[in-house]
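Beneath this line is the structure, given in structure tokens, with notes to follow.
In my numbering, the protein residues as written are 5 to 76.
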């Protein structure tokens, strides 16, 4: 995994599912391509935010990510 999803979303590893969701929504709104037309950096940041949320946004996904991380 290229970027640490916890860092991308700005949450700690002990964050609750609600805190992760709140951080995701805030960052997604802020960096959404529709709010930042012609800004390639914002679009890339938005994609990173989406990928981070996919990695740790649910309990099952988070458990899998954390297990893979421990194995590295």
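Think of the CB as a built atom: it goes at the ideal place given N, C-alpha and C, for glycine as much as any other residue.
In this structure, the CA atom of residue 28 is about 15 angstroms from the CA atom of residue 63. One thing to note: residue 53 has its Cβ no nearer than 8 angstroms to the Cβ of residue 15. Counting of Cβ neighbours within 10 angstroms places residue 49 among the buried residues, the total reaching 16 or more. Straight-line measurement puts the Cα of residue 30 at about 20 angstroms from the Cα of residue 65. Here DSSP, grouped into helix, strand and coil, assigns residue 19 to coil.
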